[in-house]
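See below for the structure under consideration.
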Amino acid sequence: MSRTVETASSYVTVEVDASVATIRVDRPKMNPLSIEVQDALAEAARIVTADDEVAAVVIYGGEKVFAAGADIKEMQRMSYTDMVQRASIIQECFSQVARIPKPVIAAIEGYALGAGNELAMCADFRVAARDAKLGQPEILLGVIPGAGGTQRLARLVGASRAKDLVYSGRMIDAEEAHAIGLVDKVAEPGQAYATALEMAQRYVHGPAFALRAAKECIDRGLDGDLETGLAIEAMQFAGVFATKDREIGMTSFVKEGPGKASFEGR
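When you line the sequence shown up against the numbering used here, it's residues 3 to 268, in that order.
Have a look at this one:
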């Protein structure tokens with residue numbers, strides 16, 4: 003039974019169906035990520051995090067465009083002091099999405115540019131339609147990415163490739179994005195969302211707390227040195243031994259072999 007949860011903005015909704023939540027951005031024509039939308043995305047992230055029915059999440063902007071960037075008309079009116087106050091809030095809104103403790107997939111049709119690409123990079127995986135265009139064009143406006151673009155992009159594709167995209171502001175197609183590691187899977191036009199949903203279904207009956215622990219180990223580990231990452235891993239590894247799913251998984255393996263466990267998500 004599908005259901006829809008509204009946020010404070012009519013432009014962002016959470017749709018839950020078969021344990022997969024879709025965070026849907028729908029602000030015609032190009033899904034500009036205004037302050038209102040940014041705040042609503044953070045709210046949507048909190049909603050799916052707290053919902054025990056949700057096992058995986060898809061972020062989707064519709065059949066024509068993922069998000070073509072921030073609301074430039076809104077930003078044009080902002081002063082230096084306005085942005086001093088807002089910049090860290092923008093980043094926190096996107097970080098709320100990145101910290102969703104469940105597998106998250108961005109389904110990209112059309113453009114994912116600027117803040118749109120930054121939002122997509124907050125997901126664990128990105129599926130892009132073959133005719134999609136991605137990039138960080140902020141330099142063409144005389145500014146730089148401000149919602150994680152200089153940091154998440156470099157972590158995904160390496161420093162030199164990130165510098166190429168940020169310095170030039172050029173758009174790349176899905177095939178190039180896939181080749182450099184910005185996109186994980188290329189789908190036929192119009193099929194990015196269906197492909198993302200299919201990927202999300204893999205996690206619906208998975209060991210929820212083990213998935214959560216794995217995500218935290220990888221994400222937090224990348225922010226520090228190896229020894230710190232290993233310490234995080236050791237703590238999380240020990241922690242999952244307190245879950246019912248660990249007992250189920252190991253008992254099933256001993257009795258029936260690998261891949262046959264029916265996890266309960268607890």
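Just so you know, even glycine gets a beta-carbon here, dropped at the ideal spot from N, CA and C.
- Query: Taking buried to mean at least 16 other C-beta atoms within 10 Å of its own C-beta, is Gly82 buried or exposed?
  - Reply: Walking along the sequence shown from the start, residue 82 turns up at place 80. For clarity, residue 82 is Tyr in the given sequence; the question names Gly instead. Under this definition Tyr82 is an exposed residue.
- Message: So the candidates are Pro191, Pro209, Asp247 and Pro30; which of them puts its Cα closest to the Cα of Ile110?
- Response: Numbered from its first residue, the sequence shown carries residue 110 at position 108. Comparing Cα positions, the closest option is Pro191.
- Query: Which residues mark the beginning and the end of the beta strand (DSSP E) in which Gly137 is found?
  - Reply: In the sequence shown, the residue the question calls residue 137 occupies position 135. Unbroken beta strand (DSSP E) run through Gly137: Lys135 to Gly137.
- Message: Let me see if you follow: with CB-CB separation under 8 Å, is Arg154 close to chain C or not?
- Response: In the structure shown, chain C does not exist; there is a single protein chain.
- For Leu228, name the three-state secondary structure that DSSP assigns. Taking the first residue of the sequence shown as position 1, residue 228 is located at position 226. Leu228: helix per DSSP, three-state reduction.
- Query: Taking Asp175 as the reference, which of Val188, Asp73, Tyr169 and Glu76 has the closest Cα?
  - Reply: One-based indexing of the sequence shown puts residue 175 at position 173. Ranking the options by Cα distance to Asp175, first place goes to Val188.
- Message: Beta-carbon within less than 8 Å of Glu218's beta-carbon, same chain only, minus the 5 sequence neighbours each way: which residues are those?
- Response: Here residue 218 refers to the residue found at position 216 of the sequence shown. Answer for Glu218: Pro103, Ile234 and Gln238, listed in chain order.
- Task: May I ask you to report which of helix, strand or coil DSSP gives Val7?
- Result: Working through the sequence shown from its first residue, we reach residue 7 at position 5. In this structure, DSSP gives Val7 an extended state, which the three-state scheme calls strand.
- From Ile107, Ala89 and Phe96, residue whose alpha carbon lies closest to that of Gln204: Mapped onto the sequence shown, residue 204 falls at position 202. It is worth fixing the name first, because residue 204 is Arg in this sequence and not Gln. That would be Ile107, whose Cα lies nearest to the Cα of Arg204.
- Assumed close pair His207, Phe265 - CB separation to whole angstroms, cut-off 8 Å: Start at 1 with the first residue of the sequence shown, and residue 207 comes out as number 205. Start at 1 with the first residue of the sequence shown, and residue 265 comes out as number 263. With 8 Å as the limit, His207 and Phe265 qualify as a contact, their Cβ atoms being about 6 Å apart.
- Message: I need the straight-line Cα distance from Ala47 to Ala202, nearest angstrom please.
- Response: Translated into positions along the sequence shown, residue 47 becomes position 45. Translated into positions along the sequence shown, residue 202 becomes position 200. Note on geometry: alpha-carbon atoms of Ala47 and Ala202 lie some 16 Å from one another.
- Task: May I ask you to report which of helix, strand or coil DSSP gives Met173?
- Result: As a first step, residue 173 must be located in the sequence shown, where it is residue number 171. It is a strand residue.
- Query: In the region 91 to 174, which residue ranges form an unbroken alpha helix (DSSP H) of at least 4 residues, counting only runs that do not cross its ends?
  - Reply: Segments of the alpha helix (DSSP H) lying fully in the region 91 to 174: 117 to 122, 151 to 159 and 161 to 170.
- Item | Three-state class that DSSP yields for Asp53 in the structure shown | Against the sequence shown, residue 53 aligns to sequence position 51. Coil.
- Less than 8 Å separating the beta-carbons of Val7 and Ile49? Counting from one through the sequence shown, the residue named residue 7 turns up at place 5. Counting from one through the sequence shown, the residue named residue 49 turns up at place 47. Cβ atoms of Val7 and Ile49: closer than 8 Å.
- For Arg26, which of Gly63, Glu177, Thr230 and Lys135 has the nearest alpha-carbon? Here residue 26 refers to the residue found at position 24 of the sequence shown. Considering only alpha carbons, the answer is Gly63.
- Taking three-plus beta-carbon pairs below 8 Å as touching, is the region 68 to 88 in contact with the region 29 to 42? The answer is yes - the region 29 to 42 touches the region 68 to 88, with three or more Cβ pairs under 8 Å.
- Task: On the DSSP bridge assignment, give the partners of Thr1 in chain order.
- Result: The structure shown does not extend to residue 1, since the chain spans only 3 to 268, so no value can be given for it.
- Message: Here's the rule I'm using: 16 or more other beta-carbon atoms within 10 Å means buried, otherwise exposed. How should Gly288 be labelled?
- Response: In the structure as shown, the chain begins at 3 and stops at 268. Residue 288 is therefore absent and cannot be evaluated.
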